[in-house]
Amino acid sequence: MNLKRPEPFEFNGGKTGVLLIHGFTGTPSELRPLGEYLAERGFTVKAPLLAGHGTTPEHMMKTGMKDWIKSAGDAYFDLKKQCKDVFVAGLSMGGSLSLHLAARLPVRGVIPMCAPIFLADRRARFTRWLTPFIKTTRNKAPYPEHIEPYMAGYTVTPVKCVPELLKLIRMVRKELDQVRAPALIMQAEQDLTVRPESAQYIYRHIGSAKKQFKQYPNSGHILIVDHDREQVFADIEAFLKEN
């Protein structure tokens, strides 16, 4: 069954909003199951498509950190017009963007999921020297059968955009102590994209007085649609209701 729906989505509900932000080269498709789950429980949910995503890798090459931040910020302000309170949540780079918004804007809570501080592929730091020679690199092995139907993102990574991702990660690392909202930091133990100690770093350095750190032993990087998804959804729902 093909569940790939890369377009942005929005579900209207109550006065509490949840902004869901997808990851690097990804789309809102991977967030839709969580969005539907939260909408069924009365939350207003919005998931934007970040600039340069959901089109072509060539288009993404023309975008960078500032464009992705603007996409997330515009969606936040749209949601804030409808809702009294807004939570921000994101997967991977979307988790980085959620932390950035939480450091700069009034949010009710922040939920970074598998957000990178340390990438598993240490070669990423050298990409800025490769961009004149290599335009794209093929993504790693195919996703498992239970995850692949949700993945509508690019099958290649625009090399030119990787230094922009690293720039975002460095900025967020410096901003962590500015985050004051309650935080639920989630990390998949089988993550092969982001080193799991990233979540521990975020937990130690975030400025939130109220914070939780949860790990999921049976899941990889796309935590929302992996084996622990039911527990992930339940933990997110509990966090939203507690705060």
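When we follow UniProt numbering, the leftmost residue of the sequence shown carries the number 1, and every step to the right adds one. Where is the CB? At the ideal position from N, CA and C, for every residue including glycine. Since the structure is predicted, the reported quantities are computational estimates derived from the model, not experimental observations.
Original post:
In this structure, does DSSP put Asp85 in helix, strand or coil?
Top reply: Of the three classes helix, strand and coil, the one that applies to Asp85 here is strand, per DSSP.
Subject >> alpha helix (DSSP H) runs wholly inside the stretch 5-53, at least 4 long, in chain order >> reply: 32-40
**OP:** Would you mind sorting Phe87 into buried or exposed? The rule is 16 or more other CB atoms within 10 Å of its CB.
**Re:** buried
Original post:
Can you tell me the Cα-Cα spacing of Gly23 and Gly90, whole angstroms?
Top reply: Rounded to whole angstroms, Gly23 and Gly90 show a C-alpha spacing of 7 Å.
**OP:** Return helix, strand or coil for Met65, following the three-state DSSP convention.
**Re:** helix
Original post:
Measuring CB to CB, does Thr63 end up less than 7 Å from Gly52?
Top reply: yes
Original post:
Where Thr157 and Arg180 are concerned, what is the direct C-alpha to C-alpha distance, given to the nearest angstrom?
Top reply: 33 Å
Original post:
Which residues share a DSSP beta bridge with Met93?
Top reply: None; Met93 has no bridge partner.
Original post:
Tell me which same chain residues have a C-beta within less than 7 Å of the C-beta of Phe9, skipping the five on either side of it?
Top reply: Pro28, Arg32, Gly35, Ala47
**OP:** Take Asp85 as the anchor and find which of Phe11, Gly54, Leu19, Ala103 has the nearest alpha-carbon.
**Re:** Leu19
Original post:
Who are the Cβ neighbours of Gly153 in its own chain at under 6 Å, not counting the five residues just before and after it?
Top reply: Thr25, Gly26, Thr27
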